[in-house]
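Encoded as structure tokens, the structure appears first; notes follow it.
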Amino acid sequence: MKKLTVPVLDEKDKEFVETLVNVGLKRNVAKTLVYLANVDETISRDIELGADLRQPEVSIVMRELRDQGWVEEREIKKEGKGRPLKCYKLATSITDIISMLEERKKEEAAVHLENIQKLRNLSDKLK
Numbered sequence: 001m002k003k004l005t006v007p008v009l010d011e012k013d014k015e016f017v018e019t020l021v022n023v024g025l026k027r028n029v030a031k032t033l034v035y036l037a038n039v040d041e042t043i044s045r046d047i048e049l050g051a052d053l054r055q056p057e058v059s060i061v062m063r064e065l066r067d068q069g070w071v072e073e074r075e076i077k078k079e080g081k082g083r084p085l086k087c088y089k090l091a092t093s094i095t096d097i098i099s100m101l102e103e104r105k106k107e108e109a110a111v112h113l114e115n116i117q118k119l120r121n122l123s124d125k126l127k
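Each residue of the sequence shown is one higher than the one before, counting from 1 in the numbering used here.
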């Protein structure tokens, strides 16, 4: 029997995940991002174990991260038969991802403030 060593999220990582969730990311996306930020490159099975996710959840998250341009994917051909393994790594640094999230939140806040100002203007006309 083989013995595998896979990094897992620790308490500091879990705090990072919670903070990402608080700024609007889905929990599974946040877990996967934090996991990928801690490793150079990894396969989906390691993400499942290290981030405590199921295989379908990892697949869904990876599609979202690819759509954002935040992750790179490559295939590793296995010996013999079977599907190749998918190997992932961040395409954008976690710092840049945080900056993108910050920019999105600023844009959302600007829209909310604009709507509040519009409400004030409309309420003034009611009097």
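Built from N, CA and C at the ideal position, the CB exists for glycine as well.
Counting along the chain, no beta strand (DSSP E) covers R54, and no H or E run does either.
Per DSSP, R120 is one residue of the alpha helix (DSSP H) stretching across 94-126. For the pair V6 and D46, the CB atoms are nearer than the 8 angstroms cut-off. Judged by DSSP in its simplified three-state form, R74 adopts strand. Assigned with DSSP and collapsed to three states, L9 falls in coil, not helix or strand.
A residue is called buried once 16 or more other Cβ atoms fall within 10 Å of its Cβ, and T19, having fewer, is exposed.
Residue environment analysis places V61 among the buried positions, since at least 16 neighbouring C-beta atoms fall within 10 angstroms of its C-beta.
When DSSP states are grouped into helix, strand and coil, L65 belongs to the helix group. Two segments are said to touch when three or more pairs of C-beta atoms, one from each, lie closer than 8 angstroms; by this definition the segment 33-42 touches the segment 83-90. The distance from the Cβ of I43 to that of L85 is about 5 angstroms, consistent with a contact at the 8 angstroms cut-off. Contact annotation: K106 and V23 have beta-carbon atoms that are not nearer than 8 angstroms. Residue state for K14 is assigned as helix, using DSSP reduced to three classes.
Under the 8 angstroms Cβ criterion, the segment 112-121 does not count as touching the segment 57-73, having fewer than three qualifying pairs.
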